[in-house]
Amino acid sequence: LLSNGIRTSVHYKPLHLFSLYKKTCKITSSLRNSKKLYQEILSLPIFPGITRKQQNLVIGEIKKKIK
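In this note's numbering, each residue's number is its place in the sequence shown (first place is 1) plus 143.
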């Protein structure tokens, strides 16, 4: 997507993956759902001024990638 001018990001990082948390808290389970979601969730561009043309570009590129 980035090669087509579409910036994406990850807005959810599980707490247990932060170094400070690892140093101070003991994790007693695998937290596999948190890890799975972190690896699979993608935040798409969304902002008040996004135009219909920009929306269609994002939609079109995503459709190409999932086919």
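Note that the Cβ used here is the ideal one computed from N, Cα and C, for glycine as well.
Checklist entry - Can you name, in chain order, every residue of its own chain whose Cβ lies under 6 Å from the Cβ of H108, other than the five neighbours on each side? => result Shown here, the chain extends from 144 to 210; a query on residue 108 therefore has no answer.
Next on the checklist: Looking only at its chain, what residues have a beta carbon closer than 8 Å to the beta carbon of H159, apart from the 5 residues adjacent to it on each side?
Outcome noted: As a working note, residue 159 is residue 16 in the sequence shown. These residues qualify, in order along the chain: K165, C168, I170, L174, S177.
Item to check | Alpha-carbon to alpha-carbon, Y181 and S162 | outcome: On the sequence shown, position 19 is the one that residue 162 refers to. On the sequence shown, position 38 is the one that residue 181 refers to. Cα to Cα, S162 sits roughly 16 Å from Y181.
Next on the checklist: Short of 7 Å in beta carbon distance, which residues of its chain neighbour G192, apart from the five on each side in sequence? Order them along the chain.
Outcome noted: On the sequence shown, position 49 is the one that residue 192 refers to. Excluding positions up to five away in sequence, the list is empty.
Item to check | Rounded separation between S152 and K179 - CA only | outcome: Along the sequence shown, read from residue 1 onward, the residue named residue 152 stands at position 9. Along the sequence shown, read from residue 1 onward, the residue named residue 179 stands at position 36. The straight-line gap from Cα to Cα measures roughly 16 Å.
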